[in-house]
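Note sheet for the following structure.
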Ligand SMILES: Nc1ncnc2c1ncn2[C@@H]1O[C@H](COP(=O)(O)OP(=O)(O)OP(=O)(O)O)[C@@H](O)[C@H]1O
Ligand SMILES: [Mg+2]
């Protein structure tokens with residue numbers, strides 16, 4: 001393992017991370033800089049320019065209200081990224097908490113918590129999200145919460161498994177033996193050691209969050225018009241499939257690229273840190 | 001074997017009860033919203049109170065849950081808030097549509113995944129393997145509702161081959177039924193195949209590098225026999241496990257696809273329930289989907305046990 | 001160098017001849033040579049032992065002769081089965097030989113049996129692949145074979161799955177599989193490891209009987225010197241992928257030439273005594 005540091009950069013090992021990272025980085029950057037890089041406002045109506053195909057003025061054409069599709073797609077990225085980050089964060093924080101507690105205290109706590117997680121996990125994700133949206137009410141913020149809740153069991157499982165192996169390490173046993181408080185052991189000894197795999201998992205959760213958010217928005221349960229979201233753009237586009245196919249192609253392609261980028265990043269990170277695959 | 005089935009059944013019952021309570025709580029997190037949405041924003045407080053009393057919504061949540069669970073257990077899914085129609089019979093009418101869609105999609109997914117995954121494993125680390133793996137990553141990133149849209153654009157609008165949506169029962173007009181089902185099933189199945197290709201590939205790679213495959217070759221087995229007789233069966237155990245979960249996932253993701261293709265299944269019933277805030281409809285349809293998913297997992301748990309002789313005899 | 005080798009007398013050519021065999025694995029850090037210019041003969045009706053510590057390349061040598069090396073291995077040198085080249089022939093020609101004229105009894109019986117197929121069917125596969133016979137004829141051969149390897153009640157046990165067999169029975173089933181078509185060469189890769197002494201003794205006797213009754217040549221791989229002393233006519237000593245010494249068993253035990261062989265013998269003095277006491 002020590003020789004790995006001295007070796008020159010290993011393209012084969014990192015190519016997925018680099019490619020995925022580039023895609024994700026670009027989209028993130030566009031999302032953050034949306035107001036400055038988008039050529040038009042995403043809301044400006046222009047009846048004279050309704051349903052115009054791609055042109056020099058509107059690179060990706062205009063929609064049924066004459067709004068610039070490129071600008072809307074870029075602004076939608078902002079929303080997607082925000083939902084993905086926050087939902088993953090919700091899942092990460094609560095999942096880690098539950099999983100670590102289950103592993104640390106074991107016994108009945110472990111049994112009850114993890115059984116509950118199993119059950120939550122056995123729900124079809126999109127269904128659970130939709131049902132949650134019913135009572136929370138349709139808004140992008142609630143979509144974010146619903147998606148975050150869906151992620152909790154996955155993170156909890158992973159956190160429990162990793163925490164369990166960390167708990168068997170000697171330094172944790174020593175900390176317990178010298179009477180360190182539960183909180184201190186959990187925060188100082190265990191948390192730092194289980195974070196890496198959880199963060200890799202977060203990349204995968206990101207891509208799933210993008211898919212779920214766009215599905216909810218597509219159904220009209222997430223972002224509400226006129227706020228642009230890839231999902232609701234795609235939904236509107238369906239009405240103009242024959243005359244303006246770009247309205248359906250562009251937002252879908254944006255989802256596809258984002259999900260692909262995050263998946264590559266997640267897979268790449270997992271492979272790169274998997275010692276079994278290192279020498280292949 | 002009997003012990004296995006009994007313990008699985010017990011776990012199933014427990015899961016179902018907890019799952020139903022999660023659904024019930026999820027729907028009722030925000031109190032009072034049912035009446036408000038059923039009667040509209042302009043409803044007077046008196047009207048709201050009357051509605052709540054009429055539907056028993058003013059009682060504690062636990063009582064409501066117990067009542068709902070008891071009734072559901074006897075097959076009484078309640079009446080729709082919206083139009084007072086019995087939900088149960090409507091569910092039964094819709095279930096076959098969704099089942100057909102999910103099974104059709106699942107068949108497509110497996111027809112893609114089994115040969116591609118097995119072939120990639122046989123060509124491990126060669127061009128075909130890399131190509132198939134890339135294809136799987138690409139397919140896995142496609143949102144199924146986008147694929148559905150693209151299919152409609154190409155097959156319906158451009159080539160005018162297939163109807164854009166709707167549903168005809170198979171018994172009424174089989175050809176029309178299949179024509180209407182093929183695009184929804186493709187949208188779900190193609191996307192699902194991405195994961196299954198990977199699983200099949202991994203399982204086959206593992207099996208193909210095992211000692212007993214070498215034994216088969218040492219006996220002079222032809223490559224076809226090595227793969228078909230020795231490898232596939234052993235790769236099936238891990239594959240079926242994941243495939244079943246994927247079928248459940250597929251069944252759960254019918255909502256969007258049914259909406260796009262105007263299929264009157266359970267998925268679109270969920271949407272009806274949510275758009276009208278019709279809680280009996282929403283709860284019943286969501287519970288049905290969950291129930292089907294759980295039953296699938298239960299069956300597979302038991303069937304996978306039969307697939308692997310080591311597990312069968314252990315429980316005998 | 002040339003010591004008297006009884007089995008070489010009167011035989012036209014060795015059952016198996018390996019010359020300058022190399023097996024390389026391509027690693028990122030460069031090629032890994034696991035077998036390094038090994039030359040080895042097995043004459044008809046001879047039991048040849050290969051001994052050496054774990055990782056010395058014994059299994060790789062054996063698998064080379066079957067042309068069943070793991071994915072990514074590169075083979076060099078020459079191998080001939082009864083004078084016929086095995087390195088350059090086509091895969092289908094090689095397949096016709098495997099299980100019929102050259103058989104492998106692999107190292108780990110449990111892992112080497114297909115867990116989802118009945119033992120009898122697996123034992124019968126060599127017939128199925130190489131002889132066109134009816135299902136019934138194959139089945140009676142299988143029962144006969146299992147009886148030959150001393151599996152009690154073979155008619156019923158043939159219907160068992162591998163996990164229902166004990167470790168020793170699994171190993172005997174693998175031996176039965178190897179013997180199926182009376183191959184001219186049997187390669188047995190540590191077929192008795194992890195077996196208790198009585199079962200081990202029975203399996204060794206079985207192999208000797210096979211040699212005596214069917215006239216097969218046997219390449220017997222092991223790292224247990226006691227077995228070599230008991231079973232083999234000729235022995236090759238391997239270390240780090242190379243043959244360090246070979247010769248008749250008696251001479252190797254009494255007057256080893258290579259330092260490594262001497263070290264091996266000293267590490268297990270009881271064998272020496274056992275051998276001495278027997279003579
Ligand atoms: N698939 C493989 N890829 C790379 N190297 C391998 C592979 N299989 C075996 N080796 C290496 O080849 C060398 C020789 O292994 P081999 O299995 O022939 O040893 P052996 O003498 O049979 O040992 P044992 O007594 O433990 O069975 C070892 O260094 C091993 O690490
Ligand atoms: Mg070996």
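Protein chains in written order, with this note's numbering: chain A, 1 to 280; chain B, 1 to 316; chain C, 1 to 279.
Cβ coordinates follow ideal geometry from the N, Cα and C atoms, glycine included.
On a CA-only basis, which of the options is nearest residue i? Give me that one, please.
i	options	result
residue 106 (chain B)	B:274, B:159 and B:188	B:188
residue 160 (chain C)	C:176, C:117 and C:174	C:117
residue 148 (chain C)	C:205, C:50 and C:75	C:205
residue 147 (chain B)	A:116, A:73 and A:255	A:255
residue 255 (chain B)	A:24, A:195, A:128 and A:177	A:128
residue 122 (chain B)	B:277, B:223, B:5 and B:303	B:223
residue 49 (chain A)	A:172, A:42, A:67 and A:33	A:67
Just to confirm before moving on: does the CB-CB distance between residue i and residue j stay below 8 Å?
i	j	result
residue 106 (chain C)	residue 233 (chain B)	no
residue 44 (chain C)	residue 178 (chain C)	no
residue 27 (chain B)	residue 135 (chain A)	yes
residue 60 (chain A)	residue 70 (chain A)	yes
residue 61 (chain C)	residue 50 (chain C)	yes
residue 69 (chain B)	residue 266 (chain B)	no
residue 183 (chain C)	residue 119 (chain C)	no
residue 98 (chain B)	residue 294 (chain B)	no
residue 20 (chain C)	residue 241 (chain C)	no
residue 155 (chain A)	residue 91 (chain A)	yes
residue 51 (chain B)	residue 61 (chain B)	no
residue 292 (chain B)	residue 251 (chain B)	yes
residue 48 (chain C)	residue 234 (chain C)	yes
Which word fits residue i, buried or exposed, when buried means at least 16 other C-beta atoms lie within 10 angstroms of its C-beta?
i	result
residue 5 (chain A)	Because the pLDDT at residue 5 (chain A) is just 49, under 50, the model does not fix this residue reliably, and the value given afterwards should be weighed accordingly. Per the 10 Å Cβ criterion, exposed.
residue 170 (chain A)	exposed
residue 1 (chain A)	Confidence at residue 1 (chain A) is low in this model, with a pLDDT of 43, below 50, so the placement of that residue is unreliable and no value is reported for it.
residue 159 (chain B)	exposed
residue 279 (chain C)	Only weak support exists for where residue 279 (chain C) lies, its pLDDT of 37 falling under 50; the coordinates are left without a value.
residue 12 (chain A)	exposed
residue 276 (chain C)	Bear in mind that a pLDDT of 42 at residue 276 (chain C), under 50, signals an unreliable position, so the number given afterwards is only what the model happens to contain. Residue 276 (chain C) is exposed by the Cβ-count criterion.
residue 86 (chain B)	exposed
residue 198 (chain B)	buried
residue 313 (chain B)	Per-residue confidence for residue 313 (chain B) stands at a pLDDT of 49, beneath the threshold of 50, marking its modelled position as unreliable; no derived number is given.
residue 132 (chain C)	exposed
Name, please, each residue of chain C whose Cβ falls closer than 7 Å to the Cβ of residue i.
i	result
residue 129 (chain B)	Neighbours of residue 129 (chain B) on chain C: none; closest Cβ ~12 Å, over 7 Å.
What in chain B is Cβ-close to residue i, meaning under 8 Å?
i	result
residue 177 (chain C)	215 and 219
residue 111 (chain C)	210, 211 and 212
residue 133 (chain A)	274
residue 304 (chain A)	What the structure shows of chain A is the stretch from 1 to 280, and residue 304 (chain A) is not part of that stretch, so it cannot be assessed.
residue 211 (chain A)	143
residue 15 (chain A)	Chain B residues near residue 15 (chain A): none, gap ~12 Å exceeds 8 Å.
At a threshold of 7 Å, does residue i count as lining ligand 4 (C-beta to nearest heavy atom)?
i	result
residue 58 (chain C)	Here the bound small molecules are ligand 1 and ligand 2; ligand 4 is not part of this structure.
Residues of chain B with CB under 9 Å from residue i, in chain order?
i	result
residue 215 (chain A)	143, 144, 145, 253, 255 and 256
residue 122 (chain A)	15, 19, 245, 248, 290, 293, 294 and 297
residue 195 (chain C)	Result: empty, since nearest Cβ-Cβ is about 18 Å, beyond 9 Å.
residue 125 (chain A)	249, 252 and 253
residue 256 (chain A)	138, 141, 142, 143 and 146
Identify the contact partners of residue i in chain C, using a Cβ-Cβ distance below 8 Å as the criterion.
i	result
residue 319 (chain B)	With chain B covering 1 to 316 only, the question about residue 319 (chain B) has no answer from this structure.
residue 234 (chain B)	114, 115 and 116
residue 222 (chain B)	95 and 129
In chain C, which residues lie less than 9 Å from residue i when you measure between Cβ atoms?
i	result
residue 124 (chain B)	71
Along chain A, in chain order, which residues have C-beta atoms closer than 9 Å to that of residue i?
i	result
residue 195 (chain B)	Those within 9 Å of residue 195 (chain B) in chain A number zero; the least Cβ separation is about 11 Å.
List the residues of chain B that residue i touches, going by C-beta distances under 7 Å, in chain order.
i	result
residue 218 (chain A)	145 and 256
Checklist entry - Using 8 Å as the Cβ pair cut-off and three pairs as the minimum, do the region 181 to 192 of chain C and the region 216 to 223 of chain C touch? => result yes
Checklist entry - Does the pairing of the region 105 to 121 of chain B with the region 284 to 293 of chain B give three or more beta-carbon distances under 8 Å? => result no
Checklist entry - For the region 81 to 94 of chain A against the region 138 to 147 of chain A, are there 3 or more C-beta pairs whose distance is under 8 Å? => result yes
Checklist entry - Pairing CB atoms from the region 219 to 237 of chain B with CB atoms from the region 95 to 113 of chain C, are three or more of them under 8 Å? => result yes
Checklist entry - Can we say the region 175 to 195 of chain A touches the region 211 to 226 of chain A, given the rule of at least three CB pairs closer than 8 Å? => result no
Checklist entry - Between the region 227 to 241 of chain A and the region 101 to 115 of chain A, are three or more C-beta pairs nearer than 8 Å? => result no
Checklist entry - Quick check: the region 261 to 271 of chain A against the region 197 to 209 of chain A, are there 3 or more CB pairs under 8 Å? => result yes
Next on the checklist: Within 8 Å, do at least three Cβ pairs link the region 252 to 268 of chain C to the region 88 to 99 of chain C?
Outcome noted: no
Next on the checklist: Under 8 Å: do the region 108 to 119 of chain A and the region 219 to 228 of chain A share three or more Cβ pairs, one atom per stretch?
Outcome noted: no
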